[in-house]
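Q:
In full-length UniProt numbering, the protein residues as written are 1 to 833.
(1) Does DSSP put residue 487 in a helix, a strand or coil?
(2) Look at residue 811 and residue 753 and say whether their C-beta atoms are less than 8 Å apart.
(3) What residue from 204, 644 and 580 has the CA that sits closest to residue 275's CA?
(4) Does any residue of chain C bring its CB to less than 8 Å from the CB of residue 90?
(5) If you compare alpha carbons, which of 698, 369 and 375 is closest to residue 390?
(6) With distances taken Cα to Cα, identify the nearest neighbour of residue 345 among 328, 779 and 377.
(7) Between the segment 549-567 and the segment 593-604, are three or more C-beta pairs nearer than 8 Å?
(8) Tell me whether the segment 57-65 and the segment 25-34 touch, counting them as touching only if at least three CB pairs, one residue from each stretch, are closer than 8 Å.
(9) May I have a chain-ordered list of the alpha helix (DSSP H) segments no shorter than 4 residues that lie completely inside the segment 599-681?
(10) Select from 518, 497 and 5 the residue whose C-alpha is nearest the C-alpha of residue 480.
(11) Going along the chain, which residues of its own chain have a beta-carbon closer than 7 Å to the beta-carbon of residue 384, five neighbours each way excluded?
(12) Of all the options 591, 572 and 631, which has the alpha carbon lying nearest to the alpha carbon of residue 606?
(13) For the beta strand (DSSP E) that contains residue 19, what are its first and last residues?
(14) Leaving out five residues before and five after residue 439 in sequence, what residues of the same chain have Cβ atoms less than 7 Å from its Cβ?
(15) Using the C-alpha atoms, what's the distance from residue 732 back to residue 791?
(16) Just verifying my parser: in three-state terms, what is the DSSP assignment at residue 45?
(17) Go through its chain and collect everything with a Cβ distance to residue 828's Cβ below 6 Å, but skip five positions before and after it.
(18) Residue 96 to residue 20, Cα distance in whole Å?
(19) Is it true that the CB of residue 639 sits closer than 8 Å to the CB of residue 613?
(20) In whole angstroms, what is the alpha-carbon distance linking residue 662 and residue 527?
(21) Alpha carbon to alpha carbon, what distance is there between residue 592 and residue 466?
(22) Considering residue 256, what are the terminal residues of the alpha helix (DSSP H) in which it resides?
(23) Can you list, in chain order, the residues of its chain whose CB lies under 8 Å from that of residue 183, leaving out five sequence neighbours each side?
(24) With DSSP as the reference, identify every bridge partner of residue 117, one or two as the case may be.
(25) What does the Cβ neighbour count give for residue 83, buried or exposed, with the cut at 16 atoms within 10 Å?
(26) Label residue 686 either buried or exposed according to how many other C-beta atoms from any shown protein chain fall within 10 Å of its C-beta, with 16 as the threshold for buried.
(27) Drop a sphere of 10 angstroms on the beta-carbon of residue 394, count the other beta-carbons inside from all chains shown, and report buried for 16 or more, exposed for fewer.
(28) So residue 39 is in the beta strand (DSSP E); what residue range does that whole segment cover?
(29) Using CA coordinates, which residue listed in 112, 68, 327 and 797 is at the minimum distance from residue 100?
(30) What residue range is occupied by the uninterrupted beta strand (DSSP E) comprising residue 341?
(31) Can you tell me whether residue 524 is buried or exposed? The criterion is at least 16 other CB atoms within 10 Å of its CB, across all chains shown.
(32) Taking just the CA atoms, how far does residue 124 sit from residue 87?
(33) I'd like the list of long-range same chain contacts for residue 121, defined as Cβ closer than 6 Å, with 5 residues on each side in sequence excluded.
(34) Considering only DSSP beta bridges, list what residue 235 is partnered with.
(35) Between the C-alpha atoms of residue 648 and residue 584, what's the straight-line distance to the nearest angstrom?
(36) Under the three-state reduction of DSSP, which class applies to residue 759: helix, strand or coil?
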């Protein structure tokens, strides 16, 4: 699916898109209208601009590059063409003064539908631009490019252009074009300003006073303007004052490559005097060109201390810096392994993978295989993870090396968690706790041990375990974040969605927490938000999870997020988006169970083609004995498969599947399983009684309640209970309308039409709010107009209208006016009763 910016441009009659050079604007415009001719405006250099524009307009949509050079007459002609229905995109270079005064206020005088300022490309835009250049750039590759360039237009286009010319993936090195641009810019600004740019690159961002101290020159507004105008730095102001940063990591790297070793060393040494002690050690390491055993030891000790506090990113940087100044090959190997370990713990799998080839080249050891197994877990490769960790555990001596053994046991516990193997998780967590004492592997194992009880089916015991952990005081952020994740995850399984939402939100927002924990928190938070009917928030949580997974390289949790997004998109009738999420959720048949189940559920949600398509999606789970033993409280694939089996005429298989599943422990899971069992029940009265029992428990779960009302309404209609059917179908319609769930709402409306209305329907059955809405609708007002008059949202008006239709037995606004218009008009004050 195209990026949001491209869709906005494509949907506009007249779009104005700009960036300093105009290249980014032109690229996005071409993405929006790939078949449209691109007319290069030349202004005074080409008196035939108007003729060329008119020729392009005759062919349909048109993109104008360097539109700032157009005169007022040509701009007016293009605006008029857009009003007549010809799509026009004006791509302008904002750094170049425009020819016409019509460009004031972003050309609003022309009446554009869309005005976009391309400050930086998003990862989606990077991927889309790569496709136009013939590059097969996966999402993770686009994120890697974006992370290096920060989306900066010139740097991004330079990286993609170089990759297109070479026919390879965008390199991690600075693209040649960007290197040349930065070198030329540094020459233009002069020696003093160039030193400020180098100081910003070395510090990664600093206050002007610190920049001046490191660069050894005065940092003035003129200097910063000169650097910013040439795309070397940008400045922002926060409550602590101005802050100057490199435009992008790739720009910072290019600035350093354009400087001499001596200059870099001097500025690193100066930087060590103005930053905190941890960063100072790393700057000292960057300032030396030889080994320094004392500095390597100091950095290693600093990394260990940071790791003990859960500050994994800083720990990884310390270990990596220590590797460069170590004078002993064995010490350097250990430090490199520790750096990869810390990068994975920090959730920066991309940085870890850059060092993996060097780790794989090392001789086998428990530490080497342990860290490679850790990378394999986070990459979703269970076979490799098990092989690596098996070898590590066999090679380690727990009595002589208790901490490395504790680390391996901790990772075997993580592997068991994503296999959803509760007993194994508990056993390995206990081993890590026994061996690790107060070290991070033991602390983290205590934090997630409760999830082992949950995976083993003891949700009450799991809740007690994580609650006991939270009762401790003075917990590091790394531990409290994991405990909050455990609370939220387990409370979701228990059906306490309010507490689950609170805990998962806290885990997501933990300052200084680990990305890999935030990913799980976001995935389960999206599920909670789905169940309580807050679907827009659920989509946002799912989007955050997918983007964080792409940016960190940790795709382990992505299927969980895509499942929620696919389900909502399908229910809202957006088949294209549902298909996109279902495709993105796919994992290899050898993936972890906690990947394969949500991936199958995402594909089932997006499936079109009836029960056969749904069964095709869940068939791998039906054939997997491990999946059949997974409880429905967290992974509710059994009822989805059972309903598809019933619809396919295989009710006996559905009953066998449901009866063979572990018993649900939470109300939502019990409702899902019993409703699926009712669908397979041949006795209509018994099925209806089951659904009514489920409805009695469903008040806190609006999405489940909507589905139950629909099931019961359809059942009652088929058995001739039209009045009761209309009531339940109306309730279902009200829920689905409030959620924007157009797909089930269409089904409900059809069923309401077949059920008809109650014979004695009367406007007296309407509430005061419903009477007000009905009276205005009968008078011919639209939902938006009704909302304005009653100070409601259009969504609330639609909710009331759906209930009105159900109570009065009508299905359209016209039918409401025809059957009840006179009665409602005769009582214009009904709403004030």
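The beta carbon of each residue, even a glycine, is placed where N, CA and C say it ideally should be. Treat the numbers as computed from the prediction; the structure is a model and nothing was measured.
A: Reading from the atomic positions:
(1) helix
(2) yes
(3) 204
(4) As a matter of chain content, chain C is missing from the structure shown, which is built from one protein chain.
(5) 369
(6) 377
(7) yes
(8) yes
(9) 611-622, 625-628, 637-647, 651-660 and 667-679
(10) 518
(11) 376
(12) 572
(13) 14-19
(14) 403 and 406
(15) 25 Å
(16) Residue placement at residue 45 cannot be trusted, given a pLDDT of 48 that sits under 50; the coordinates are not used to answer.
(17) Summary for residue 828: the model assigns pLDDT 48, below 50, so the residue's position carries little reliability, and this model does not support an answer.
(18) 8 Å
(19) no
(20) 21 Å
(21) 24 Å
(22) 249-257
(23) 254 and 258
(24) 18
(25) exposed
(26) exposed
(27) exposed
(28) 38-40
(29) 68
(30) Counting along the chain, residue 341 falls outside any beta strand (DSSP E), though it belongs to the alpha helix (DSSP H) covering 329-346.
(31) buried
(32) 23 Å
(33) 151 and 156
(34) 244
(35) 27 Å
(36) Confidence is the limiting factor: at residue 759 the pLDDT is only 49, short of 50, which leaves the residue's position unreliable and the question unanswerable from this model.
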